[in-house]
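> According to the numbering used here, the residues represented by the sequence shown are 2 to 385, in order. In this text, a Cβ means the ideal position worked out from N, Cα and C, and glycines have one as well.
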Amino acid sequence: MAITIDRDDTDLIDVPRGLTNVVVAETRIGDVRGAEGCFHYRGVSGVGLAADARFEDAWRLIALGSLPADRAESSHWRARTAACRALPAAVQGTLPTIARSGLDPMAQLRTALALVSAADGRRPLYDESDAQRIDDAVRLAAVAPTLIAALHRLGTGRDPISPDPALDPVSDYLRMLQGTAPESRHAAALGTYLTAAIDHGFNASTFTARVIASTGADLAACVGGALGALAGPLHGGAPARTLDMLDEIGSPEHAEAWVRERVQRGERIMGFGHAVYRTEDPRSRLLRDVAEQLRADGLASERVDLAVAVEQTVLRVLNELKPGRALRTNVELYAAVVMEACEIPRALFTPTFASARLIGWGAHAVEQSQDGKILRPSSRYVAS
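Put into structure tokens, the structure is as follows:
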């Protein structure tokens, strides 16, 4: 039985597709200045922190609201986060099953984080104090690299390696993943990338985390939803695809024909264009410098040279075929090159990115849970 559609839409507010330029909440965590080509964490330059590979300092800034005031505060923060890397015994026994499940690495991470949260006895954000919510956020961000490395090793027929609280989190992640102490310059390069990846405005995954947090759900549900959003190829799934692109191009002399063909077919070129930046993505510029330094030090392959050549060709062709469009290099191209140089498997590019972004998601979930208002927009029905 059909119903009569008679709704008064006078109270509805039309917004642009994709919520572009629509402010949906206030935040003290950070901001992206697209026209200026910069971003910050609580007023501190994200590029500045990343350039110095100050990952743990940036983590504290996002989670607690301030940088360490002195060496004692820095040491206390390092000890606090290091103590959160270990897996509950109940979860260790389930990891082989998850690793053999056939789930992709992002789905494995979602599952494992939910199990850690349950084993820890974490409660819904609605029922927790602010201090308990921050504890939840620190715990899940700290344990994620341990899970990623353990699941990967189990999936490739090797035993997991326990975290070492004496190491910084980036070096420990590479050690748990690769089985040996990492080259210090690789750890520094990865630290630069991960510091720059902690937070970046109200992107799709961060917004997802905040929507779930507004319901009062537990933090594992918030970051689980964010991980689902990040898995999409138009969001965090792009870095691995940029290496696929470089594989397909093969050498600099093939770049122009490849790019022209893709642009003329209307296909997206991974690693270029951004929803907010109208200048070069500052993270791209930063990571290009990191990649070129690794190459100069003999710690990266000729892939760096290919990426630089392809970037120059893509920008030139895009400027010619799409004049007036602000299509610049984004973070994914050189993020992929840096992670490959640091010997991170391609299948773990997005989970590695997520291990840093978990810090931002946790802070946003905590902040949103303090609001007490559920996020519930309206829609306009249109007849099919």
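Note down the Cα distance separating Gly373 from Ala218, rounded to an integer number of angstroms.
For Gly373 and Ala218, the distance between alpha carbons rounds to 12 Å.
> Where Arg317 and Gln133 are concerned, what is the direct C-alpha to C-alpha distance, given to the nearest angstrom?
Those two C-alpha atoms are separated by around 51 Å.
> Let me check one thing: in DSSP terms, what residues is Tyr42 bridge-paired to?
Tyr42 pairs with Gly31 and Val45.
> Distance, Cα to Cα, Pro240 vs Ser285?
Between Pro240 and Ser285, the C-alpha separation is close to 12 Å.
> Can the beta-carbon of Gly202 be found closer than 8 Å to that of Val33?
Yes, the pair counts as a contact, with Cβ atoms nearer than the cut-off.
> Could you give the residue range of the alpha helix (DSSP H) that holds Arg317?
First-last of the alpha helix (DSSP H) with Arg317: Arg304 to Leu322.
> Exposed or buried, Ile14, counting other C-beta atoms within 10 Å across all chains shown (16 or more means buried)?
The residue in question, Ile14, is exposed, as its Cβ has fewer than 16 Cβ neighbours within 10 Å.
> Name the DSSP beta bridge partners of Phe273, please?
Thr330, per the DSSP bridge assignment.
> Do you know how far the Cα of Gly233 is from the Cα of Val117?
Near 24 Å, if we compare the C-alpha coordinates of Gly233 and Val117.
> Under the three-state reduction of DSSP, which class applies to Gly158: helix, strand or coil?
In the structure shown, Gly158 sits in coil (DSSP, three-state: anything other than H, G, I, E or B).
> In whole angstroms, what separates the C-alpha of Ala167 from that of Leu155?
The straight-line gap from Cα to Cα measures roughly 24 Å.
> Thr95: which of Met107, Pro106, Thr112 and Thr82 sits nearest, CA to CA?
Ranking Met107, Pro106, Thr112 and Thr82 by Cα distance to Thr95 puts Thr112 first.
> Helix, strand or coil for Gly94? Go by DSSP, reduced to three states.
In the structure shown, Gly94 sits in coil (DSSP, three-state: anything other than H, G, I, E or B).
> Between the C-alpha atoms of Pro170 and Thr353, what's the straight-line distance to the nearest angstrom?
Cα-Cα distance, rounded: 12 Å.
> Hey, out of Ala189, His153, Gly103 and Ser163, whose CA is closest to Val57's CA?
The sequence shown places Glu at residue 57, rather than the Val named in the question. Considering only alpha carbons, the answer is Ala189.
> Return the Cβ separation of Asp456 and Arg186 in integer angstroms, given the expectation that the two are a contact with Cβ distance under 8 Å.
Any question about residue 456 goes unanswered here, given that the chain covers just 2 to 385.
> Closest by CA to Leu235, which one among Gln369, Thr351 and Val16?
Comparing Cα positions, the closest option is Thr351.
> If Ser356 and Ile213 are in contact, beta carbons under 8 Å, what's the gap, nearest whole angstrom?
That belief does not hold up - the Cβ atoms of Ser356 and Ile213 are roughly 19 Å apart, past 8 Å.
> Between Arg55 and the ligand MG, is the CB less than 7 Å from at least one heavy atom?
Ligands are entirely absent from the displayed structure, and the ligand MG is therefore not among its contents.
> Looking only at C-alpha atoms, which of Val16, Ala256, Thr193 and Ser252 sits nearest to Gly49?
Considering only alpha carbons, the answer is Thr193.
> Measure the CB-CB distance between Ala90 and Ala138 and report whether it falls below 8 Å.
Against a cut-off of 8 Å, the Cβ pair of Ala138 and Ala90 comes out as no contact.
> Nearest CA to the CA of Asp200: which residue from Leu68, Gly35, Gly363 and Asn22?
The shortest C-alpha separation from Asp200 is found at Gly363.
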